[in-house]
Structure formats: C-alpha cells, structure tokens
Amino acid sequence: MLELLAKNWAWVLVRGIFTIVFGAVAVFWPGITLYVLIVLFGAYAIVDGVTAIVMGAKRSNGRGFFIFMGVVGVVAGLIALVWPGISALALLYVIAFWAIITGVGSIVSGFGLSRDAGGRWLFVISGLAGVVLGILLLVNPDEGAVALVVTIGFFAIIWGFFTVFTAVRLRRLAKELDARQDFTDI
34 MLELLAKNWA
44 WVLVRGIFTI
54 VFGAVAVFWP
64 GITLYVLIVL
74 FGAYAIVDGV
84 TAIVMGAKRS
94 NGRGFFIFMG
104 VVGVVAGLIA
114 LVWPGISALA
124 LLYVIAFWAI
134 ITGVGSIVSG
144 FGLSRDAGGR
154 WLFVISGLAG
164 VVLGILLLVN
174 PDEGAVALVV
184 TIGFFAIIWG
194 FFTVFTAVRL
204 RRLAKELDAR
214 QDFTDI
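Okay, so the sequence shown: first residue is 34 according to my numbering, each after it adds one.
1) With DSSP as the reference, label W8 as helix, strand or coil.
2) Is the region 109 to 118 touching the region 152 to 170 in the sense that three or more CB pairs, one from each, lie closer than 8 Å?
3) How about the region 50 to 58 and the region 91 to 100: do they share at least three Cβ pairs that are nearer than 8 Å?
4) Along the chain, where does the alpha helix (DSSP H) containing P174 start, and where does it finish?
5) Taking Cβ to Cβ, would you say I79 is nearer than 9 Å to G106?
6) Ends of the alpha helix (DSSP H) at L122?
7) Taking 9 Å as the cut-off, decide whether the C-beta atoms of L125 and L166 are in contact.
8) I need the boundaries of the alpha helix (DSSP H) containing G89, first residue and last residue.
9) Would you mind giving the Cβ-Cβ distance between P174 and L122, rounded to the nearest angstrom? I have them listed as a contact below 8 Å.
10) Using CA atoms only, rank isn't needed, just tell me which of G103, A76, G75 and Y77 is closest to V87.
11) Could you pull out every residue in the same chain whose Cβ sits closer than 7 Å to the Cβ of A207, ignoring the five residues on either side in sequence?
12) Tell me whether the region 55 to 69 and the region 188 to 206 touch, counting them as touching only if at least three CB pairs, one residue from each stretch, are closer than 8 Å.
13) Beta carbon of L203, beta carbon of V45: below 9 Å?
14) Look at the alpha carbon of G186 and the alpha carbon of A162, and state the distance between them as a whole number of angstroms.
15) Counting only the same chain and skipping the five closest in sequence on each side, list residues whose C-beta sits under 7 Å from that of I112.
16) Can you tell me whether DSSP reads G103 as helix, strand or coil?
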C-alpha cells in the first residue's frame with residue numbers, strides 16, 4: 034500500500050491543496066458555504082431521483098424499487114430546498130459520521146505503514162482529529178450549522194496541511210523506490 038501511495042503522491046498533494054482551499058472558504062464564508070452545500074444536495078437529490086424514476090419506468094423487472102428510490106430522492110431534494118434548517122441538522126449528522134469513519138480509516142492506514150514509521154504519525158494524528166470532530170458534532174448538535182461549517186473549515190485546513198506534508202514524504206519515498214529499482218535493474 035505504501036508503494037501505491039508513493040507512486041501516486043501527486044494525487045495526495047492535490048487532495049491536500051483542495052482540502053485547504055475548501056477549509057479556507059468554509060472559515061471565511063460559513064453561511065454561504067452551508068447554503069451552497071444544502072442547495073447542491075437538494076439539486077443533486079432531485080436530479081438523481083428523477084433519473085431513477087425514468088430508469089424504473091423503462092425497466093421490465095425491479096421497476097418498483099427504482100421508482101420508490103427516485104421518489105425518495107425527489108422528496109429529500111425538495112425538503113433540502115424548502116427546509117434548509119432540517120437539512121443542515123441532517124447534514125451535521127452525515128458529516129459527523131463521515132469524519133469518524135474516515136478518521137478511523139486514516140488511523141488504520143497509519144498503523145499499516147510499518148515501513149514508514151516517520152510518516153505513520155501524520156495519518157494517525159489526522160485520523161484522531163477526524164474522530165474527535167465527529168464525536169464533538171454528535172455530542173453538541175445545537176451549536177449551530179454555521180459553527181459546524183467553521184469547525185469543518187478549520188478541520189479541513191489542518192487535515193489538508195497534514196495531507197500535503199504526507200504527499201511530500203511520499204514523493205521522497207517514490208524517489209527512493211525509483212532509485213532502488215534502477216539499482217536492481219543493473
């Protein structure tokens with residue numbers, strides 16, 4: 034896994050940069066960021082729902098399931114657009130669980146990097162930050178959606194910096210692996 038990450042260090046870097054940019058936007062424009070997320074979700078759910086309904090109508094078997102899922106998608110999208118406050122609370126829970134799951138994944142990945150003991154801690158610390166964020170959001174959902182967005186923004190900036198640092202380490206590792214490969218080819 035470490036070699037695969039090292040060969041794709043540039044994608045890790047891009048991910049880190051975009052995470053930092055997203056975090057900065059969320060910190061400086063939290064209200065707009067939350068509103069945009071809700072509107073994007075609402076629009077996506079409606080389009081996805083209509084698509085599922087059309088696909089279901091064209092099927093000969095399993096059409097009921099597709100149509101049902103499409104109706105659920107359209108209703109969810111309309112709720113997001115008509116009642117953004119409820120959508121923000123639901124989004125809070127989705128983000129909380131996402132942070133916990135991805136945090137645990139980063140921790141597991143960090144401990145799986147036995148050959149790169151120096152870089153392991155970057156994965157573990159970013160994973161711990163994700164788990165802590167998720168737990169805080171679940172424990173204090175009344176803090177407000179704007180506070181959530183700002184918290185996510187700071188979290189994203191920190192996570193992004195750790196990801197950029199990891200990409201730099203992976204780039205060095207990729208060069209070392211290439212040098213070893215060149216040496217064994219001789």
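C-beta atoms are modelled at their ideal positions from N, C-alpha and C, and glycine is treated no differently.
In short, the structure shows the following:
1) Residue coverage of the chain in this structure runs from 34 to 219, which leaves residue 8 outside it and unanswerable.
2) Taking 8 Å as the limit for Cβ pairs, the verdict is that the region 109 to 118 does not touch the region 152 to 170.
3) The answer is no - the region 91 to 100 does not touch the region 50 to 58, with fewer than three Cβ pairs under 8 Å.
4) Premise fails: P174 is in no alpha helix (DSSP H) and is neither H nor E.
5) Taking 9 Å as the Cβ cut-off, I79 and G106 qualify as a contacting pair.
6) For L122, the uninterrupted alpha helix (DSSP H) run begins and ends at P117 to G145, by DSSP.
7) For L125 and L166, no; Cβs fall outside 9 Å.
8) Start and end: P63 to K91.
9) So it is a contact: roughly 7 Å between Cβ atoms.
10) The residue with the shortest Cα to Cα distance from V87 is G103.
11) Excluding residues within five positions, the ones whose Cβ falls inside 7 Å are A39, K40 and W42.
12) Verdict: yes, contact present.
13) For L203 and V45, yes; Cβs fall inside 9 Å.
14) Cα to Cα, G186 sits roughly 13 Å from A162.
15) I119 and S120.
16) It is helical.
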